[in-house]
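Chemist: Residue numbering for the sequence shown follows our numbering, starting at 610 and increasing by one per position. Just so you know, even glycine gets a beta-carbon here, dropped at the ideal spot from N, CA and C. I'd like to ask some things about the structure below.
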Amino acid sequence: MPTTEIAGFPLIDGVTMDSIADDPNSEAALRIKEWSDEIVRQKGYHATSYGTIAESPSDLVAVIIWDSMEAHISTLRQPDYKAVAESISSIFTGAGYMYHVDLEPHDEVQRAMDAPVMEIALFNFDHEPPGGCLEIFQAFRKAAGKESGATPIASAVGITHEEVEFGDIKGNAVVLVVGWESIEAHQAFRDSGTYKKYMPQLMKEVEKVQIHHVALRKV
């Protein structure tokens, strides 16, 4: 089962997706190209897309698909990759975050990444997610795809390999990724019968929820 790495970093002032695209010779654009050129050569690598969070444009998110979490960990230990990681850190204001999740169905992940907007939702627990919760999330995403109004382009769900910290909460999180035509389409979906039916079940034992929208760009 391929693993999806989701990593986020705070960008220095003045760096945006537009500035990176407009000036390929800028420091930020060069550092990202250097990193992307290196990552595509790694064993076990599949695909990468990155973008900034709509709700927080100074925060960069990278979504990377690997053969496995072990393939990514092996890459992190490579001397050449370590040097590139150190180089790209010059466009970040500080430390970021990273987690790995086996999203299912896997064939929906790339489609969600390729959508105009991808929602990344983390359902944080102060312990292990309750038994059977993934079955409820899978039922939700399948029902969402049958709505007559605003519907997802693609979606997938899984539980993080690592414990995820959010404020005073620390535990494994359920990650739901959804491809949408727009943020407005996601907002419209919240009025649907499917959303109203399933959301109370999805929130069982959830301590906090984080939801971001990102327009991703392929490497």
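Classify residue 805 as helix, strand or coil using the three-state DSSP reduction.
Modeler: Looking up residue 805 in the sequence shown gives position 196. Helix.
Chemist: Please classify residue 634 as buried or exposed, where buried requires at least 16 other C-beta atoms within 10 Å of its C-beta.
Modeler: Counted from its first residue, the sequence shown places residue 634 at position 25. So residue 634 ends up on the exposed side.
Chemist: Going straight from the alpha carbon of residue 643 to that of residue 693, what length do you get?
Modeler: By 1-based counting over the sequence shown, the position of residue 643 is 34. By 1-based counting over the sequence shown, the position of residue 693 is 84. Rounded to whole angstroms, residue 643 to residue 693 spans 7 Å at the Cα level.
Chemist: Do the CB positions of residue 617 and residue 680 come within less than 9 Å of each other?
Modeler: Within the sequence shown, numbered from 1, the residue matching residue 617 stands at position 8. Within the sequence shown, numbered from 1, the residue matching residue 680 stands at position 71. Contact flag unset, no.
Chemist: Anyone know if the C-beta pair for residue 765 and residue 717 falls short of 9 Å?
Modeler: In the sequence shown, counting from the first residue as 1, residue 765 sits at position 156. In the sequence shown, counting from the first residue as 1, residue 717 sits at position 108. Going by C-beta atoms, residue 765 is nearer than 9 Å to residue 717.
Chemist: How close, in whole Å, do the beta carbons of residue 712 and residue 767 come, if the pair is a contact with beta carbons under 8 Å?
Modeler: Here residue 712 is taken as the residue at index 103 of the sequence shown, counted from 1. Here residue 767 is taken as the residue at index 158 of the sequence shown, counted from 1. Their Cβ separation, rounded to whole angstroms, is 4 Å, which keeps residue 712 and residue 767 in contact under 8 Å.
Chemist: Taking the alpha carbon of residue 629 as the point to measure from, which residue in 707, 652, 659 has its own alpha carbon closest?
Modeler: Taking the sequence shown and counting its residues from 1, the one referred to as residue 629 is at position 20. Cα-wise, what sits closest to residue 629 is 659.
Chemist: Decide if the region 749-766 is in contact with the region 688-703; the criterion is three or more beta carbon pairs, one per stretch, under 8 Å apart.
Modeler: Short answer: they don't touch.
Chemist: Answer with buried or exposed for residue 678, where buried requires no fewer than 16 other C-beta atoms within 10 angstroms of its C-beta.
Modeler: Counting from 1 along the sequence shown, the entry for residue 678 is found at position 69. Label assigned to residue 678: buried.
Chemist: Tell me, please, whether the region 789-802 touches the region 729-747 by the rule of three or more beta-carbon pairs shorter than 8 Å.
Modeler: Flag = no, the region 789-802 and the region 729-747 do not touch.
Chemist: Taking the alpha helix (DSSP H) that residue 688 belongs to, which residues open and close that run?
Modeler: Within the sequence shown, numbered from 1, the residue matching residue 688 stands at position 79. That run of the alpha helix (DSSP H) goes 688-697.
Chemist: Can you list, in chain order, the stretches of the beta strand (DSSP E) that have 3 or more residues and sit fully within the region 762-793?
Modeler: Listed in chain order, they are 763-775, 778-789.
Chemist: Can you tell me whether residue 682 is buried or exposed? The criterion is at least 16 other CB atoms within 10 Å of its CB, across all chains shown.
Modeler: On the sequence shown, residue 682 is found 73 positions in, with the first residue counted as 1. The residue is exposed, with fewer than 16 neighbouring Cβ atoms inside 10 Å.
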